[in-house]
Amino acid sequence: MTAFWESVVIEALRGVGMKLGQVLPNLAMTVVLLVLGLLIGGVVKIVLRRLLRAFRFDQRCQGWGITQAVRRAGIGREPADIVSLVTFWGIFVIFATMAVDLLWRPQDAGAAGVLVMFLPHLFAAVLILVIGWLLANFLAQGVLIASVNSGIPEARLLARAVRWGVLLFTFATALTQLGIGKEMVLIAFGITFGGLIFALALAFGLGGRRLAREILERRLRRGREPHPSETLSHL
Amino acid sequence: MSDILPLPDAVESKLSEIGKADLLVGIPSYNNARTIGHVVRAASAGLTKYFRDARAVIVNSDGGSTDQTQEIVAQADVPELSTILVSHGSPLIAKILTPYHGIPGKGSAFRAIFQIADRLGVRAACVVDADLRSIRPDWFELLLGPVVEGHADYVAPLYQRHKFDGTITNSIVYPLTRALYGKRVRQPIGGEFGFSGDLARLFLAKPVWETDVARFGIDIWMTTTALAEGHRVCQAYLGAKLHDAKDPGGDLTQMMTQVVGSCFDLVECYESIWAGVHGSEPVPLFGFPHAVGVEPVPVNAERMLSIFRQGLTALEELWATVLSQSLRAELREAAGAPVQRVRVTDPVWTEVVYRFAVAHHRRSIPREHLLGSLVPLYLGRTASFVLEMWEAGAQEVEERVERLARSFEEMKPLLVSEWRTL
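Chains as they are written, first to last, in the working numbering: chain A, 718 to 952; chain B, 24 to 445.
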């Protein structure tokens, strides 16, 4: 029994000790790198934010319409804050990547290498998501206003449909960019989007036959004759 | 100096042939075959009758009509006058010569007229719409006369209109222009204007021909420029204005975007001038005001109210970035009343317009969306006005519009303070 304990438990503990001996310095270095990433990122963030404010970056973004676009996407921060925050996280991710690489044993594939290879795709996917998100909000708002002004009762439904249509397309594109189930995403998107359009067409044509007729008639007659009960000249 | 678009060769040779002229009548057109012949004849008769010794030119600036508008102008009886046809919008010219040619609209047509006025060195010019059915020869005396005689640099029209006609003018453009620039020009976007040759050159030199000014925004832009830059402005009473019916509902958002957008752009442009203006004063009136019959205007107030009410729920989130909570509550209260009792009061409406002007300046949301979202509010105000004035006579309605204009003047400090807190 004693021999068994010696051979199994102590040997195992010794193995763990040896492994910890190999890993601990790297673990310590990992922590150091993470802390360094946080510190350097933090300092760069503060300096960058001050610089951007000195150059009136927020006001310039306001003029270029960037601030409004960002707000529409549900982000309440000022552009200078966003840029400095993105820089902070960028620096931190670089240090974190190095840290993760330290923890990896030499015989394993380099995590940093994999990550670096993957980064352009990730960046492109994030960019697609951000642009898609902004575009979806912009188009949905435009459709909502146009529908309300045309007196279409389903204005909000239309705006939501446009928003989710664009978002669906965006997610599908982003996933394809990441290489996640390319074919599956493509087919799923095709089925979902096609199904959605088909369902809408059916609902519009069958469920709202009269409405569809009215809208088409109004559309085709626009510019030829005034609204039957109104000849108000606004100007 | 803005870029100058080259004129077509035919026009160039005609200009060389004419050399100099004293007066010019510009007629922008697009598919106005039905009415333009009458307008040209009225112009030629007016010029012949009232300015016999002047060398006069009629310019038709056309946007590519397909209904023989140009042929009718060419064949219209214009004794002893030169008629120039400017084929504005012709693809041949547009594609080869002008980078600004892409914007079809009344403003672009005016630009060609200003260019010709400049080249001919005219003393006075006027522009009249091609769809007018009530135009008379004496309109030209009233539009050109004050400039020719040195009484004014810019002549705005004053019409007798139906009480429910010109609602953007009555509820936004007139009160806002009056409060901002301190001059009571009752119809700043009337469509017909007289101006001096110098003012035409000034208009031409402004770099605005790629903006909404090139479309519906030209009228308010001309009037505001004349007012804000200190030119002598007067009004000419022209009687009734009858013109071909257009689809009023079809282009309302576009109209709002272009006219009110141009108005708000100008608020931004002339901030240093309007911020110091208090109250308002009348401008000289030429012509003899008299009562005339006007065409009835059927109005569907319930349709307008339904869009207003829908806007209050669907656009709540968007309006929250423009209007205060208390103002939105007042609008909701107004919309919730039974149809006959819906009232968007003067202070509420004034604040709405001022807050939209500030939001337009701040670019808190895309400008097209901002101006488009004003449409339901405008329809609510218009419905409220129509219901309130249903039984009222023309005089009473005019007094009502004056009350709104005074509200804009009284609440102007709100605009000034909000503008300055940017």
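By construction, the Cβ of each residue, glycine as well, lies at the ideal position given by its N, Cα and C atoms.
Specify the secondary structure class of residue i as computed by DSSP and reduced to three states.
{"i": "P122 of chain B", "result": "Unreliable placement is indicated for P122 of chain B, whose pLDDT of 29 sits below 50; the coordinate value is still reported in the next sentence. Residue state, collapsed to three classes: coil."}
{"i": "D267 of chain B", "result": "coil"}
{"i": "R238 of chain B", "result": "coil"}
{"i": "V803 of chain A", "result": "helix"}
{"i": "G112 of chain B", "result": "Note that G112 of chain B scores 39 on pLDDT, short of 50, meaning its location in the model is unreliable; the coordinates nonetheless yield the value given after this. In the structure shown, G112 of chain B sits in coil (DSSP, three-state: anything other than H, G, I, E or B)."}
{"i": "G403 of chain B", "result": "helix"}
{"i": "S462 of chain B", "result": "A query on residue 462 of chain B cannot be resolved here, the shown segment of chain B reaching from 24 to 445 and no further."}
{"i": "R209 of chain B", "result": "coil"}
{"i": "F311 of chain B", "result": "coil"}
{"i": "L923 of chain A", "result": "helix"}
{"i": "E441 of chain B", "result": "helix"}
{"i": "A343 of chain B", "result": "coil"}
{"i": "I107 of chain B", "result": "Confidence in I107 of chain B is poor, its pLDDT being 45 and thus under 50, which makes the residue's placement too unreliable to answer from."}
{"i": "E795 of chain A", "result": "coil"}
{"i": "Q258 of chain B", "result": "strand"}
{"i": "P305 of chain B", "result": "strand"}
{"i": "L750 of chain A", "result": "helix"}
{"i": "L155 of chain B", "result": "strand"}
{"i": "A56 of chain B", "result": "coil"}
Buried or exposed for residue i, going by 16 or more other Cβ atoms inside 10 Å?
{"i": "A203 of chain B", "result": "The sequence given here places Leu at residue 203 of chain B; Ala does not occur at that position. That one is buried."}
{"i": "G849 of chain A", "result": "buried"}
{"i": "Q210 of chain B", "result": "buried"}
{"i": "S440 of chain B", "result": "exposed"}
{"i": "E422 of chain B", "result": "exposed"}
{"i": "L30 of chain B", "result": "buried"}
{"i": "M327 of chain B", "result": "buried"}
{"i": "T89 of chain B", "result": "exposed"}
{"i": "D22 of chain B", "result": "Absent from the structure is residue 22 of chain B, since the part of chain B shown begins at 24 and ends at 445."}
{"i": "V80 of chain B", "result": "buried"}
{"i": "W297 of chain B", "result": "buried"}
{"i": "K762 of chain A", "result": "buried"}
{"i": "A352 of chain B", "result": "exposed"}
{"i": "V749 of chain A", "result": "exposed"}
{"i": "F915 of chain A", "result": "exposed"}
{"i": "V424 of chain B", "result": "buried"}
{"i": "P399 of chain B", "result": "buried"}
{"i": "F772 of chain A", "result": "exposed"}
Let's see if you can read the secondary structure: which residues bound the beta strand (DSSP E) around residue i?
{"i": "P230 of chain B", "result": "Counting along the chain, P230 of chain B falls outside any beta strand (DSSP E), and DSSP gives it neither H nor E."}
{"i": "Y182 of chain B", "result": "177-183"}
{"i": "V48 of chain B", "result": "46-52"}
{"i": "F216 of chain B", "result": "216-219"}
{"i": "V726 of chain A", "result": "Unbroken run through V726 of chain A: none, as it is neither H nor E."}
{"i": "V150 of chain B", "result": "147-150"}
Following the continuous alpha helix (DSSP H) through residue i, name the residue where it begins and the one where it ends.
{"i": "Y204 of chain B", "result": "197-204"}
{"i": "V296 of chain B", "result": "A small fix is needed here, since residue 296 of chain B is Ile in this sequence, not Val. Per DSSP, I296 of chain B belongs to the alpha helix (DSSP H) from 294-297."}
{"i": "V62 of chain B", "result": "59-73"}
{"i": "F331 of chain B", "result": "324-337"}
{"i": "D161 of chain B", "result": "161-171"}
{"i": "A417 of chain B", "result": "417-433"}
{"i": "Q894 of chain A", "result": "872-895"}
{"i": "S8 of chain B", "result": "Any question about residue 8 of chain B goes unanswered here, given that chain B covers just 24 to 445."}
{"i": "W413 of chain B", "result": "It is not in any alpha helix (DSSP H) - W413 of chain B carries neither H nor E in the DSSP assignment."}
{"i": "G359 of chain B", "result": "348-359"}
{"i": "T92 of chain B", "result": "92-98"}
{"i": "P29 of chain B", "result": "Careful: P29 of chain B lies outside any alpha helix (DSSP H) and carries neither H nor E."}
{"i": "T373 of chain B", "result": "369-385"}
Taking residue i as the reference, which of the options has the closest Cα?
{"i": "W364 of chain B", "options": "B:M279, B:P312, B:W413", "result": "It should be pointed out that residue 364 of chain B corresponds to Arg in this sequence rather than to Trp. The candidate whose alpha carbon is nearest that of R364 of chain B is B:W413."}
{"i": "G859 of chain A", "options": "A:V843, A:R731, A:R877, A:T909", "result": "A:R877"}
{"i": "W244 of chain B", "options": "B:S285, B:K264, B:D161, B:G262", "result": "B:S285"}
{"i": "I799 of chain A", "options": "A:L839, A:T747, A:R770", "result": "A:R770"}
{"i": "G69 of chain B", "options": "B:F239, B:T58, B:L46", "result": "B:L46"}
{"i": "E432 of chain B", "options": "B:E339, B:S303, B:L410", "result": "B:S303"}
{"i": "F74 of chain B", "options": "B:I41, B:I95, B:R146, B:S36", "result": "B:R146"}
{"i": "E172 of chain B", "options": "B:A77, B:Q91, B:T92, B:V96", "result": "B:A77"}
{"i": "F309 of chain B", "options": "B:H383, B:G334, B:G217", "result": "B:G217"}
{"i": "L335 of chain B", "options": "B:V322, B:H61, B:L350", "result": "B:L350"}
{"i": "E871 of chain A", "options": "B:I330, B:A223, B:I95", "result": "B:I330"}
{"i": "F287 of chain B", "options": "B:R332, B:H383, B:F187", "result": "B:H383"}
{"i": "V236 of chain B", "options": "B:A132, B:V345, B:D152, B:A140", "result": "B:A132"}
List, in chain order, every chain A residue whose beta-carbon is nearer than 8 Å to that of residue i.
{"i": "L338 of chain B", "result": "L861, I862, V865"}
Whose Cβ in chain B lies nearer than 8 Å to the Cβ of residue i?
{"i": "Q894 of chain A", "result": "In chain order: nothing, as chain B lies at least about 28 Å away."}
{"i": "R770 of chain A", "result": "In chain order: nothing, as chain B lies at least about 17 Å away."}
Counting only Cβ pairs nearer than 9 Å, list the residues of chain A close to residue i.
{"i": "I330 of chain B", "result": "V865, N866, S867, G868"}
Please compile the residues from chain B whose C-beta is within a distance smaller than 7 Å of the C-beta of residue i.
{"i": "R873 of chain A", "result": "A337"}
{"i": "F774 of chain A", "result": "Result: empty, since nearest Cβ-Cβ is about 16 Å, beyond 7 Å."}
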